[in-house]
Every structure is written in C-alpha cells, then in structure tokens.
Amino acid sequence: MMMIRVQVPSGMTEAVVGVARDHRGVAEVVVVSEASLEPPGDLIELQVARESVEQLLEGFDALGVRDAGSVALFTPDAVLGTRADEAVAEAPGEGSDAVIWEELKQRTGSDSRLTWQFLVFLVAATNLAGIGIVTDSTIAIVGAMVVGPEFGPLAAVAVALVERRWVLARQAALALLVGFPAAMLTVAAAAAVSVPLRLFDPAIVAAPDSAVEFIYKPGPYSFIVAVIAGAVGMVSLVGNKSSALVGVFISVTTVPAAGYVAVALVLGQPEKALGSALQLALNLTGIVVAAVVVLVVYRTLTPEMPPQALARLRDRTHWSAGRRRRR
20 MMMIRVQVPS GMTEAVVGVA RDHRGVAEVV VVSEASLEPP GDLIELQVAR ESVEQLLEGF
80 DALGVRDAGS VALFTPDAVL GTRADEAVAE APGEGSDAVI WEELKQRTGS DSRLTWQFLV
140 FLVAATNLAG IGIVTDSTIA IVGAMVVGPE FGPLAAVAVA LVERRWVLAR QAALALLVGF
200 PAAMLTVAAA AAVSVPLRLF DPAIVAAPDS AVEFIYKPGP YSFIVAVIAG AVGMVSLVGN
260 KSSALVGVFI SVTTVPAAGY VAVALVLGQP EKALGSALQL ALNLTGIVVA AVVVLVVYRT
320 LTPEMPPQAL ARLRDRTHWS AGRRRRR
C-alpha cells in the first residue's frame, strides 16, 4: 500500500475525490477541509494499492493537480485493515511489479547529480581499485566495486532515454563525464607519487598472470555480465529491492577499469590502459542498454488510463473552473 497526500484549492477537491473514489485499488479517502494555510486549500489523504498508483496519478495530472497544488507519495511500513486487503486484491497486477514513474524519476534524479558526495565516493572507490591493482588484491577490487556510486547516473541515463527527459540525461552525463576523469586523475597522481617512494612493485602490475588481469582483458562475457547486471539493477531499483543492488555493483568492472587505466598510463603500459578503457566502455554501455530495455518492457506492460477517460477528466476540470468563475 501507498499513502498519497494531495493539497489542492477547495474548488478542486470534489473532482479529486471523485477520481479517487472511482478508481480501483483505493482503500481510504480522507478530506480535511481548509487544512492548508499556505497555499490555502484542502488536504486529501488516500490509501492506495501500489499497483493502482500510476493510473491514479495520470488522473490527477488530467485534472491539473500538480499545477494547482501538490502530490506527495509515502510508503508506510505496514497498513492493517480489511479495506486495505480488499483494495490490494481488487487492484490489477502485483504491487512488487508496479512502476510508479514519477517516483522512479525522482529517485534516479537525486542519485545522478554531480555532488561532492558523489565525487568522494567515486574517488574513494577508484583509489581502492588502484590499490587492489598495484597489490594484486581482489578483495580491494571487490571493495571498490561495492563503494562505487556510478549506477545512479547510469540508471538516470536509461530513465531519461525512455522518458525523453533530456535535462536528466545531461545531469547524469555530467556526473559521469566529470566524476570518472577526476577519480582517474587522483589515482594517476597517487601512483606517480608511490613509484619513487617504492610503495609498490611495478613488476606486480606488469606480471602476465596477476589476479586482476580480467580488468584489462575484456571479452564477450564482459558485455554479457554488464547487461545482466544492468537489467537486474533496474528491476531492483523499480521494485525497491536494494539488497540486490550490492550484487550488481560487484558484478560490473567500471570502477576497477577506470583505476587500471590511470595506473597503466603512469607505468607506461598503454596496451593495458587501452584494454581497461574498452572494459569501462563495454560495462557502461551494457548497463545502460539493459536498463533501457527493462524500462521499455515495464512501460509496455504498465496499463495506462484510457485516453477517453483522461479527456473526460480534463473536461470536468474546465467545467468546474468555468462554474467557479461564474460564481
């Protein structure tokens, strides 16, 4: 179940309540008249089965609720009641499979911004990968994969492509195009300082049988793993299954590849740097492509409110607005 909190001018309350009461999957409708002081208006709270939320939001958009007021979505830890159980049973589909597109856009949008926190995580992850490379430590490499924050912007790129939200696409691309080079520069600087100080043996990186050679030797399975990880990552993001995201992070070789490019260039190994760059490109591309495909499938399977119903709601809004002006 989800709770929807709607704030609208008093003149729109009747139309909003009408849409909610006619919608399958709505368990409760609560109206508090004149509860909002700024802006003035009424407060409407709804308990709705998750799988019914998307169509209900479409109805609210047809009424112009977002332009006149606001809509907030909450997920309670538990909702106990017979009406809630009946609403879930009545709603089409399964709640765990339901996509609330506005919620997904908000979540990916907040995770895709170029912030100091994003840079700190990416720089830390790439440097962990660099340490794992020069010490031949797969444990450090796995740690770097877990810490890396790059899936957020990649998921945002996929959402932006499917929803044609180009501002979100630019925002996510900026985070990736600034974040990765910045992180790689810090790794290169650390490696350049570490060599004269003899903090590691360059022969470890040059060895042909190192434990981390998979990073600079991309193959067909590199792309296949990235595709699987991207698909699972997007499904878990849609379904709020954050536990599965850890496995996604460990599966892809984005951050280790970025770290290897920096280390290999400092040590004068351009072939390994090129292989690592190809690995990075394959992983980034595979994740985005798979995430886009998953979202397209979800978009195809998600039922939408019929155009005729949306048109009737818009007509109802225009009629109500005209009646208020005449008064």
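Take the sequence shown: its position 72, counted from the start at 1, is 91 in the working numbering, and no numbers get skipped. Just so it is clear, CB atoms sit at the ideal spot from N, CA and C, and this is done for glycine as well. Source: prediction; values computed, not measured.
Any 3 or more C-beta pairs closer than 8 Å across the segment 99 to 112 and the segment 36 to 53: yes
Residue nearest to residue 145 in terms of C-alpha spacing, selected from 160, 132, 82, 183: 160
Per-residue burial, residue 250 [other beta carbons within 10 Å of its own, 16 or more giving buried]: Within 10 angstroms of the beta-carbon of residue 250 lie 16 or more other beta-carbons, which makes it buried.
Residue environment, residue 243, which counts as buried when at least 16 other CB atoms sit within 10 Å: The C-beta of residue 243 has fewer than 16 other C-beta atoms within 10 Å across all chains shown, which makes the residue exposed.
Inter-residue CB distance, residue 119 and residue 73 (contact presumed, cutoff 8 Å): Between residue 73 and residue 119 the Cβ distance is about 6 Å, and since that is below 8 Å, they are a contact.
Alpha-carbon to alpha-carbon, residue 70 and residue 95: 15 Å
Segments of 4+ residues assigned as alpha helix (DSSP H) that fall wholly inside the segment 140 to 178: 157 to 166
First through last residue of the beta strand (DSSP E) which encompasses residue 27: 21 to 27
Top-ranked residue by Cα proximity to residue 130, from 256, 216, 318: 256
Assigned exposure category for residue 59 - 16 Cβ within 10 Å defines buried: exposed
Limits of the unbroken beta strand (DSSP E) element including residue 91: 89 to 93
Cβ contact check for the segment 207 to 216 and the segment 287 to 307: 3 or more pairs under 8 Å: no
Residue from 132, 21, 189, 277 whose Cα sits closest to the Cα of residue 235: Measuring from the Cα of residue 235, the nearest candidate turns out to be 277.
Given 8 Å, three or more beta-carbon pairs between the segment 205 to 212 and the segment 176 to 187: A contact between stretches requires three or more CB pairs, one per stretch, nearer than 8 Å, and the segment 205 to 212 fails this requirement with the segment 176 to 187.
Whether residue 205 touches residue 142 by CB criterion (7 Å): yes
Contacting residues, own chain, Cβ-Cβ under 6 Å from residue 195 (five flanking each side not counted): 172
Assigned secondary structure, residue 338 (DSSP; H/G/I helix, E/B strand, else coil): Since pLDDT at residue 338 reaches only 39, below the 50 mark, its modelled position is unreliable, and the value read off the structure follows with that caveat. In the structure shown, residue 338 sits in a helix (DSSP, three-state: H, G or I).
Residue range of the beta strand (DSSP E) that includes residue 56: 45 to 56
Straight-line Cα distance separating residue 219 from residue 139: Cα-Cα distance, rounded: 24 Å.
Euclidean distance between Cα positions of residue 224 and residue 285: 11 Å
Within 7 Å, strictly: CB atoms of residue 43 and residue 121: no
Proximity of residue 237 and residue 298 at Cβ, strictly below 7 Å: yes
Residue ranges of each beta strand (DSSP E) within the segment 200 to 228, 3 or longer: none
Cβ neighbour criterion (16 or more within 10 Å) applied to residue 240: exposed
Alpha-carbon to alpha-carbon, residue 287 and residue 86: Answer to the nearest angstrom: the Cα atoms are 58 Å apart.
Cβ distance (whole Å) where residue 34 is taken to contact residue 75 below 8 Å: Actually they do not touch by this definition, with Cβ atoms about 13 Å apart.
Buried versus exposed, by CB contacts within 10 Å (16 or more), residue 337: A caution first: residue 337 carries a pLDDT of 49, below 50, which makes its placement in the model too unreliable to give a value.
Host beta strand (DSSP E) of residue 239 (start-end): Bounds of any beta strand (DSSP E) do not take in residue 239; it lies within the alpha helix (DSSP H) bounded by 239 to 257.
Span of the alpha helix (DSSP H) around residue 288: Counting along the chain, residue 288 falls outside any alpha helix (DSSP H), and DSSP gives it neither H nor E.
Exposure label - residue 168; buried when at least 16 CB within 10 Å: buried
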